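Report on one structure; see the data block that follows.
There are 2 protein chains.
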Amino acid sequence: MSSTVKSSRRRRSDGLRTYDVIVNAAADLASREGLESLTIGSLAAHLEMSKSGLFAHFGSKEELQLATIEAARKRYVAAVLEPVMKASPGLAQLEVLCARTIDYLAKPEFPGGCFFVTAQAGVRAKAGNVRDAVLSNKNYLRRQLVRTVKAAQARKELASGVDPEQLAYQLVAVMDAASWSITGEHRDTDLKHAARAVRDILRSARSRGR
Amino acid sequence: MSSTVKSSRRRRSDGLRTYDVIVNAAADLASREGLESLTIGSLAAHLEMSKSGLFAHFGSKEELQLATIEAARKRYVAAVLEPVMKASPGLAQLEVLCARTIDYLAKPEFPGGCFFVTAQAGVRAKAGNVRDAVLSNKNYLRRQLVRTVKAAQARKELASGVDPEQLAYQLVAVMDAASWSITGEHRDTDLKHAARAVRDILRSARSRGR
DNA sequence: CCTACCGATCGGTAGG
DNA sequence: CCTACCGATCGGTAGG
Numbered sequence: 000m001s002s003t004v005k006s007s008r009r010r011r012s013d014g015l016r017t018y019d020v021i022v023n024a025a026a027d028l029a030s031r032e033g034l035e036s037l038t039i040g041s042l043a044a045h046l047e048m049s050k051s052g053l054f055a056h057f058g059s060k061e062e063l064q065l066a067t068i069e070a071a072r073k074r075y076v077a078a079v080l081e082p083v084m085k086a087s088p089g090l091a092q093l094e095v096l097c098a099r100t101i102d103y104l105a106k107p108e109f110p111g112g113c114f115f116v117t118a119q120a121g122v123r124a125k126a127g128n129v130r131d132a133v134l135s136n137k138n139y140l141r142r143q144l145v146r147t148v149k150a151a152q153a154r155k156e157l158a159s160g161v162d163p164e165q166l167a168y169q170l171v172a173v174m175d176a177a178s179w180s181i182t183g184e185h186r187d188t189d190l191k192h193a194a195r196a197v198r199d200i201l202r203s204a205r206s207r208g209r
Numbered sequence: 000m001s002s003t004v005k006s007s008r009r010r011r012s013d014g015l016r017t018y019d020v021i022v023n024a025a026a027d028l029a030s031r032e033g034l035e036s037l038t039i040g041s042l043a044a045h046l047e048m049s050k051s052g053l054f055a056h057f058g059s060k061e062e063l064q065l066a067t068i069e070a071a072r073k074r075y076v077a078a079v080l081e082p083v084m085k086a087s088p089g090l091a092q093l094e095v096l097c098a099r100t101i102d103y104l105a106k107p108e109f110p111g112g113c114f115f116v117t118a119q120a121g122v123r124a125k126a127g128n129v130r131d132a133v134l135s136n137k138n139y140l141r142r143q144l145v146r147t148v149k150a151a152q153a154r155k156e157l158a159s160g161v162d163p164e165q166l167a168y169q170l171v172a173v174m175d176a177a178s179w180s181i182t183g184e185h186r187d188t189d190l191k192h193a194a195r196a197v198r199d200i201l202r203s204a205r206s207r208g209r
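Here the protein sequences line up with chains A and B, keeping their order.
First residue of the first sequence: 0, per numbering that gives the first Met the number 0; consecutive thereafter.
First residue of the second sequence: 0, per numbering that gives the first Met the number 0; consecutive thereafter.
Below you can see the structure in the form of structure tokens.
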């Protein structure tokens with residue numbers, strides 16, 4: 000793309016490029032309805048653009064989906080992972096990681112809960128680049144929890160008998176369940192259930208092996 | 000429908016009526032890909048029928064979806080709830096309910112995990128009869144867990160300080176997470192994580208308030 | 001970024 | 001249970 004094209008690109012009053020407006024709107028919609036039920040036509044209508052005008056930014060539906068995933072990843076990093084990196088390694092990071100994840104659901108950063116929880120459901124059955132990108136992002140939280148649990152054990156902040164994979168499974172399960180509830184009637188009570196479950200699970204992991 | 004039409008209906012060699020073949024195939028497919036991505040054309044092709052021949056059994060896509068939900072409900076009742084009703088009320092029923100649910104995932108009764116877990120994700124955003132039917136079935140397990148926990152507390156089999164809603168939330172979360180894993184690479188380890196999580200959660204609820 | 005299209009597939013109908 | 005259709009919408013293209 001030439002610099003002439005770049006410099007002539009119109010800017011929105013909020014300073015966001017059209018491209019960013021599109022992918023962030025797509026991420027919001029996909030967090031509610033799933034990545035696979037996003038259609039170019041309905042997204043264009045939502046943004047009051049022509050289908051082909053929107054399409055021209057991406058070249059294929061798969062590229063639109065991959066760009067949407069990348070936009071969602073950046074928002075997840077800013078809302079959850081950057082605050083975690085400011086905490087000290089070990090148990091403090093583990094607690095911040097869970098607290099930030101629940102806040103990210105409660106805020107809500109995405110209107111349908113965690114983008115990657117919703118997206119995983121829709122792409123699970125269809126092999127391809129979109130599924131791979133969603134799953135590698137979705138699995139990041141769990142792998143990071145395992146690493147952080149091991150760091151906390153090395154610092155004697157968690158009992159050595161705790162199985163890091165088991166603990167991570169259980170923490171992810173209670174937080175993902177809250178993501179599914181976020182658009183439902185039990186939204187507020189389930190956010191409290193998730194926060195209390197995290198607290199109970201971590202308390203148990205501090206005091207004894209599991 | 001006249002009895003003449005009924006008696007002339009051909010039977011399959013396995014004794015199942017075409018209607019039952021259709022709705023059970025639809026339930027299997029929907030457990031993997033979601034109720035909303037079921038199309039009449041792809042289901043007909045899978046069953047080697049014409050679209051309109053299949054369609055004639057239902058009259059609308061919504062009726063096909065509702066009939067599929069009902070077929071899945073019957074399979075869930077036979078696999079999980081009937082064994083539970085044979086156990087004694089209270090803690091025994093609570094343990095059987097969790098054990099049967101995990102076996103129902105592991106068997107697997109549906110190739111994509113629990114039909115209602117997968118279906119809930121796809122119908123969450125679209126109000127209507129289909130969403131209502133899926134959610135009321137999906138919520139049944141949780142309500143039943145709450146009732147059974149209360150019965151176990153009344154019999155002094157679980158600590159009275161346990162919050163039944165909190166316990167049910169946590170049990171459903173760890174079992175639903177295994178359902179999402181059932182088509183993935185962590186299938187077997189996550190089934191073990193779910194079973195162990197159930198055991199730890201129930202052990203904790205037996206010995207102390209949460 | 002637009003209008004005007006393309007073939008394929010969607011849910012559904014007519015008629016048998 | 002079938003063939004032959006219908007209008008609407010899908011992802012995508014041509015051309016500007």
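Cβ atoms here follow ideal geometry from the backbone N, Cα and C, with glycine treated the same way.
Values in this document were obtained by computation on a predicted structure and should not be read as measured data.
- In the structure shown, B:Gly52 falls within a helical segment according to DSSP collapsed to helix, strand and coil.
- At a cut-off of 8 Å between beta-carbon atoms, A:Thr38 makes no contact with chain B.
- Between B:Thr182 and A:Arg16, the gap from beta carbon to beta carbon reaches 8 Å or more.
- Under the Cβ criterion of 8 Å, B:Ser203 is counted among the residues facing chain A.
- Excluding five sequence positions before and after A:Gly89, the CB atoms of its chain that fall closer than 7 Å to its own CB belong to Ala150, Ala151, Arg154, Glu156, given in chain order.
- Between the stretch 55 to 64 of chain B and the stretch 96 to 111 of chain B, the count of C-beta pairs closer than 8 Å stays below three; the two stretches do not touch.
- If you draw a straight line from the Cα of B:Ala78 to the Cα of B:Val20, it is about 18 Å long.
- In this structure, B:Ala176 keeps its C-beta atom at 8 Å or more from the C-beta atom of B:Ala194.
- B:Ala204 and B:Leu46 have their C-alpha atoms some 48 Å from each other.
- Taking the C-beta atoms as reference points, A:Phe114 is found nearer than 8 Å to A:Ala26.
- In terms of beta-carbon proximity, A:Gln165 lines the interface with chain B, with at least one pair separated by less than 8 Å.
- Taking CB atoms only, B:Gly58 has no neighbour in chain A less than 8 Å away.
- Contact check between the stretch 90 to 100 of chain A and the stretch 126 to 146 of chain A: three or more CB pairs, one atom from each, fall below 8 Å, which counts as touching.
- Listed by position along chain A, the residues whose Cβ is nearer than 8 Å to that of B:Val173 are Tyr168, Gln169, Ala172, Val173.
- Collapsing the DSSP output to three states places B:Ser159 in coil.
- Judged by DSSP in its simplified three-state form, A:Glu47 adopts coil rather than helix or strand.
- Note that the C-beta distance between B:Val171 and B:Ala196 is not below 8 Å.
- The way I'd put it, the stretch 24 to 41 of chain A does touch the stretch 66 to 81 of chain A; three or more beta-carbon pairs between them come closer than 8 Å.
- With respect to the 8 Å criterion, A:Ala158 and A:Arg207 are classified as neighbours on the basis of their beta carbons.
- One alpha carbon belongs to A:Val148, the other to A:Glu164, and they sit about 9 Å apart.
- Contact with chain B is absent for A:Glu81, since none of that chain's Cβ atoms lies less than 8 Å from the residue's Cβ.
- Neighbourhood of B:Ala150 in chain A, by CB distance below 7 Å: empty, with the nearest CB roughly 21 Å away.
- Ranked by how close their Cα comes to the Cα of B:Arg198, the residues B:Ala91, B:Ser178, B:Glu35, B:Ala118 have B:Ala91 in first place.
- When the Cα atoms are used, B:Val83 and A:Ser87 turn out to be separated by approximately 47 Å.
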